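Q: Residue 315, in this note's numbering, is where the sequence shown stops; the numbers in between run on with no holes.
Take a look at this one; I'll ask things after.
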Amino acid sequence: MKNSSHYIFNDYLRKIYSQGNVKCLEDHLTVAVLDERTDDHQLSLLHLICAGHSEQQSQKVTILLDKCGDDDAKRRALLSNITKNGFSALHIAIYKCEVATAEVLLSNGADPNLAGRSELPPLNLAAMCANVELVERLISAGAALHALDFVNFTALHCATYFAHERVVRLLLRRGADPNYSGGVRDRPLHLASSKGHVGIVSALLEAGADPTLADDEGNTSLHFAAKTGHVGIIDLLLLKIGAGHQEVC
67 MKNSSHYIFN
77 DYLRKIYSQG
87 NVKCLEDHLT
97 VAVLDERTDD
107 HQLSLLHLIC
117 AGHSEQQSQK
127 VTILLDKCGD
137 DDAKRRALLS
147 NITKNGFSAL
157 HIAIYKCEVA
167 TAEVLLSNGA
177 DPNLAGRSEL
187 PPLNLAAMCA
197 NVELVERLIS
207 AGAALHALDF
217 VNFTALHCAT
227 YFAHERVVRL
237 LLRRGADPNY
247 SGGVRDRPLH
257 LASSKGHVGI
267 VSALLEAGAD
277 PTLADDEGNT
287 SLHFAAKTGH
297 VGIIDLLLLK
307 IGAGHQEVC
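Laid out in structure tokens, this is it:
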């Protein structure tokens, strides 16, 4: 059982790095404390800053990483540190939709494809959070468009599932394959048809999604739309299927 000094120390670090201002951080931060972590969730100082609620958080991240000086190995280690629950500092910044903080992390070498023990690629998380700016920045930094997460979804699957049409359209513009299948050969069009997302169905079809493709159980997008009674989507799919037949003939 941990004694009270552990909890006092954890609270002390949180107050300085999550809640404190730049002056508080500069007064405490030295090279010697860069590897400090909380005892409960194994949060590094960088994690704590990214979890904070201050407009100065991105500035604080810059100050902390600059403290590494020419020690690139130290900087890479800080950026790749994973919490007890499997998340990097970049994951935390994305979850909080802190674009400026994520920008600083990526500019300093954070890996845009580090999924961690959570098996959650940063791009997939940004797609779930509906942050178009972060999605764009991650792709520009080299995030893999078709990386699979813990449920075998790509970022396009994630954006479709959560009905984030702007993110869907951005991913498609940047080259995401609308027919890329997940773990059971489920396609984004299957998800959109099942959930009744008309705008997303239209975007996927415009990008070349094939409404005749089936999942592992033999269900096509038309099956999903019919099961859930989305008549407008059924019409869209039938029009696309009919157009395809005409092209073949």
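Even for Gly, the Cβ is constructed at its ideal location relative to N, Cα and C.
As the structure is a prediction and not an experimental result, all values here were calculated from the model.
Drop a sphere of 10 angstroms on the beta-carbon of T96, count the other beta-carbons inside from all chains shown, and report buried for 16 or more, exposed for fewer.
A: Exposed is the call here.
Q: Quick check: the Cα distance between G298 and V88, rounded to an integer number of angstroms?
A: C-alpha separation (whole angstroms): 54 Å.
Q: Which partner residues does S110 have in the DSSP bridge list?
A: DSSP lists R103 as partners of S110.
Q: What are the boundary residues of the alpha helix (DSSP H) that includes R240?
A: It is not in any alpha helix (DSSP H) - R240 carries neither H nor E in the DSSP assignment.
Q: Helix, strand or coil: which one does DSSP assign to H223?
A: The answer is helix: DSSP assigns H223 an H, G or I state.
Q: Is the separation between the beta-carbon of P178 and that of L204 shorter than 7 Å?
A: Closer than 7 Å, so yes.
Q: Taking C-alpha atoms, which residue in I82, I148 and L214 lies nearest to L130?
A: The candidate whose alpha carbon is nearest that of L130 is I82.
Q: Report all residues from its chain with a CB closer than 7 Å to the CB of V198; omit the five preceding and five following residues, and keep chain order.
A: The answer, listed in chain order, is R232, V233 and L236.
Q: With burial defined as no fewer than 16 other Cβ atoms inside 10 Å of the residue's Cβ, what is the status of E283: buried or exposed?
A: That one is exposed.
Q: Whole angstroms is fine: what's the gap from T104's alpha carbon to C116's?
A: Cα to Cα, the separation comes out at about 14 Å.
Q: Say whether the region 144-152 touches the region 160-169, bearing in mind that this needs 3 or more beta-carbon pairs closer than 8 Å, one atom from each stretch.
A: Not touching, per the Cβ criterion.
Q: How is R142 classed by DSSP in three states: helix, strand or coil?
A: If DSSP states are grouped into helix, strand and coil, R142 belongs with the helices.
Q: Per DSSP, what kind of secondary structure is G265 in: helix, strand or coil?
A: Looking at G265 - three-state DSSP - the assignment turns out to be helix.
Q: Grouping DSSP H, G and I as helix and E and B as strand, with all else coil, what is T167?
A: Helix, per DSSP.
Q: Among F153, E102 and H230, which one has its Cα closest to the Cα of R183?
A: The option with the nearest alpha carbon to R183 is F153.
Q: What number of angstroms, rounded off, separates the C-alpha of A291 from the C-alpha of G262?
A: Cα to Cα, A291 sits roughly 7 Å from G262.
Q: Short check: CB of F219 to CB of G248, under 7 Å?
A: Yes, the Cβ-Cβ distance between F219 and G248 is below 7 Å.
Q: When the Cα atoms are used, what is the spatial distance from D93 to D276?
A: Those two C-alpha atoms are separated by around 59 Å.
Q: Applying the criterion that 16 or more other CB atoms from any shown protein chain within 10 Å of the CB defines a buried residue, is G208 buried or exposed?
A: Exposed, because fewer than 16 other Cβ atoms sit within 10 Å of the Cβ of G208.
Q: Just mark Q123 as buried or exposed, buried being the case when its beta carbon has 16 or more other beta carbons within 10 Å.
A: Buried, since its Cβ has 16 or more Cβ neighbours within 10 Å.
Q: Considering only the beta carbon of each residue, do I158 and P188 sit closer than 7 Å?
A: Going by C-beta atoms, I158 is not nearer than 7 Å to P188.
Q: Can you tell me which of the three DSSP states Q122 falls into?
A: Reduced to three states, the DSSP call for Q122 is coil.
Q: Rounded to a whole number of angstroms, what is the C-alpha to C-alpha distance between S260 and K293?
A: One C-alpha to the other measures close to 8 Å.
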